[in-house]
Structure formats: structure tokens, C-alpha cells
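To start, the structure under review is shown below, and the notes come after it.
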Amino acid sequence: MLNKYLQLYIYLYFFVFLCFSAICGGDIVSEEGTLQSPNYPEDYRPNKECIWKIIVPEKYQVALKFSSFEIESHDNCVYDYLEIRDGHSLSNSPILGKFCGHRIPNDIRSTSNKLLIKFVSDSSVQKAGFSANFIKEFDECSSGNHGCDHICVNTLGGYRCECRIGYELHSDGKKCENACGGLIELFNGTLVKIVAPPQFRITLNFTHFDLEGNNVSFPNIHSSIQINPQHSKLLTFGYFDPLT
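In the working numbering, the protein residues as written are 437 to 680.
If you want it as C-alpha cells, here you go:
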């Protein structure tokens with residue numbers, strides 16, 4: 437009797453183990469969820485092929501963000517890899533990326549409400565695999581610029597404002613200010629350093645200039661401006677009134 441129970445236990449153990457290890461991939465219809473390689477966070481199984489097909493509501497996109505990633509490394513990802521396609525066709529949907537190694541992929545966004553993820557492992561090296569979250573995503577910038585002065589950039593779950601070249605973003609996160617130019621007033625002993633973006637040169641125009649000359653009764657006391665154009669993108673100048 438004991439042997440029969442033992443045999444039944446062993447049979448059920450291997451049945452559950454084989455079924456569990458064989459299950460991966462599938463169709464997922466949801467607004468959000470988590471995808472993980474088989475056996476995660478332990479090493480994934482050898483000789484696996486898992487295909488997930490994600491569907492979110494119409495008029496939305498699928499956004500995928502990885503939290504961990506460790507797959508056998510190869511320059512061309514020919515052994516173990518994760519392949520992501522923009523759609524549900526393994527042959528016709530555009531490839532958004534094919535990944536392996538230890539570097540976490542950038543956030544991925546589909547152009548429709550469908551995304552396909554394919555995971556493949558060979559028989560040799562196994563790693564910890566991957567974990568990623570997906571959500572339904574909407575392009576917030578498609579409905580307006582949300583008060584951005586120049587450019588509205590869609591991000592996962594939101595948006596941000598950016599400025600065109602030559603401008604910088606104000607502290608309010610929306611307005612753009614001219615990054616070059618302005619009025620500089622120098623006071624006694626002031627040293628000013630002007631730094632321009634790499635694609636610009638610096639032009640210095642004096643609108644008012646009135647300093648004492650060198651023909652004074654006290655030659656050890658004088659005012660001067662020193663300009664040091666170290667290169668085209670950096671200009672240092674100052675107003676000095678030294679005593680020697």
C-alpha cells in the first residue's frame with residue numbers, strides 16, 4: 437500500500453512539475469499586468485519558446501517597462517533572446533527589438549493595442565530571465581500640448597515639455613526661455629562666465645562703457661575690464677578696481 441502511495445506521489449509530482457514548466461506564454465486581454473520568464477526569479481528552463489500576445493482596449497497602446505533583465509549574452513542574440521513585435525503576427529508585425537544580455541531594455545510602446553513578446557532559450561546556458569510590467573498607454577500629446585511652450589513629449593503614463601534648440605525649460609516645466617543673450621550689469625570686483633551651448637558662438641555688445649582712464653592722479657588705483665575668450669563657446673570677463 438505504501439509503495440502505491442509513493443508511486444502516486446511521484447507521478448503527481450512529475451505531472452505537476454512538467455505541466456508547470458511547460459506553461460508559458462498565452463493571450464492576455466487586460467489593461468495592465470506582469471510578464472516573467474519561466475521559473476523567474478530562478479534561472480529559466482532550457483529549450484523554451486514562450487509567446488505572449490497582449491491586447492489592451494481599443495484606441496490605446498501597449499507600454500512595456502522592464503524591471504529586471506538577464507538573458508544569455510551574444511552579439512546577435514542568436515541563442516537565448518526576447519523578441520518584441522508591434523502587433524500579433526510572428527512574420528508580418530514589425531520588430532520593435534530583439535534583446536539579450538544584462539542591460540535592461542528601454543521602455544517599449546506599440547502603435548496599436550496589440551503587442552507580441554517571444555522568449556526563446558536553447559539547451560546550454562540559463563540565466564535569471566526577465567520581469568516586465570505592461571499597461572495601457574494613451575498619447576497625451578495627441579489631444580493638445582498641455583500648456584507646453586514648444587514641444588509636448590509623450591511618456592509612459594504622462595507627458596513632459598521640451599524646448600527647441602537655443603531655449604531652456606523654465607522651472608514651471610512648461611515655459612521656454614531664451615538660453616542665450618540678456619543684460620549683464622557688472623559691479624565692483626564682479627567676475628562673470630558666459631557659457632553657450634555647443635552649437636553657438638558668443639557675441640558681446642557693450643551698450644554703455646564709461647571707465648576712468650589711466651591718466652589719473654593716483655596711478656595705483658584704476659578701473660578696468662578684462663576679457664578672456666578661451667574659445668568660441670566660453671567667455672570670461674570681469675570688472676576690477678584693484679589696489680596695489
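From the three backbone atoms N, C-alpha and C, an ideal C-beta is built for every residue, glycine too.
For residue i, count the other beta carbons within 10 Å of its own beta carbon; 16 or more makes it buried, fewer makes it exposed. Which is it?
i	result
Gly-565	buried
Asn-542	exposed
Asp-608	exposed
Lys-484	buried
Pro-482	exposed
Ser-473	buried
Gly-546	The question names Gly, but residue 546 is Ser in the sequence shown. Result: buried.
Phe-456	Note that Phe-456 has pLDDT 38, beneath the 50 cutoff, so the model's placement of it is unreliable and no number is given.
On the premise that residue j lies in contact with residue i, defined as a C-beta separation below 8 Å, what is that separation, rounded to the nearest angstrom?
i	j	result
Leu-592	Ile-553	Their Cβ separation, rounded to whole angstroms, is 17 Å, which puts Leu-592 and Ile-553 out of contact at 8 Å.
Ile-464	Lys-489	7 Å
Tyr-515	Asp-558	5 Å
Cys-486	Phe-555	4 Å
Based on DSSP bridge pairs, tell me the residues matched to residue i.
i	result
Phe-570	Gly-469 and Leu-500
Lys-550	Ile-491
Leu-518	Phe-535 and Phe-555
Val-589	Arg-596
Arg-394	The requested residue 394 does not occur in the structure, where the chain is confined to residues 437 to 680.
Cys-577	Bridge partners of Cys-577: none, in fact.
Leu-605	Cys-612
Ile-464	Ile-490
Ile-540	Ile-540 is not bridged to any residue.
Glu-718	Residue 718 falls outside the range modelled here, since the chain spans only 437 to 680, and no answer is possible.
Gly-583	BP columns for Gly-583 are empty, so no partner.
Met-565	For clarity, residue 565 is Gly in the given sequence; the question names Met instead. Glu-506.
By how many angstroms is the C-alpha of residue j removed from the C-alpha of residue i?
i	j	result
Lys-611	Asn-590	17 Å
Ala-499	Pro-530	16 Å
Glu-604	Asp-585	11 Å
Tyr-504	Gly-594	Going by the sequence as given, residue 504 is Ser instead of Tyr. The alpha-carbon atoms of Ser-504 and Gly-594 are separated by roughly 22 Å.
Gly-602	Ser-548	35 Å
Glu-494	Glu-467	11 Å
Phe-676	Lys-501	Reliability of the predicted coordinates at Phe-676 is poor, the pLDDT of 47 falling under 50, and the value obtained from them is presented with this limitation in mind. The alpha-carbon atoms of Phe-676 and Lys-501 are separated by roughly 56 Å.
Thr-470	Gly-462	13 Å
Ser-395	Ile-544	Residue 395 lies beyond the range of the chain shown here (437 to 680); nothing can be said about it.
Val-492	Ser-579	20 Å
Arg-600	Gln-497	27 Å
Pro-477	Cys-460	14 Å
Glu-598	Gly-583	11 Å
Asn-581	His-606	16 Å
Asn-528	Glu-613	45 Å
Tell me, please, whether the CB atom of residue i is closer than 8 Å to any CB atom in chain D?
i	result
Arg-481	Among the protein chains of the structure shown there is no chain D, as only one such chain exists.
Check whether the stretch 516 to 530 and the stretch 574 to 582 are in contact - that is, three or more C-beta pairs closer than 8 Å.
no
Indicate whether the contact test is met: 3 or more Cβ pairs, each with one atom in the stretch 508 to 518 and one in the stretch 531 to 548, closer than 8 Å.
yes
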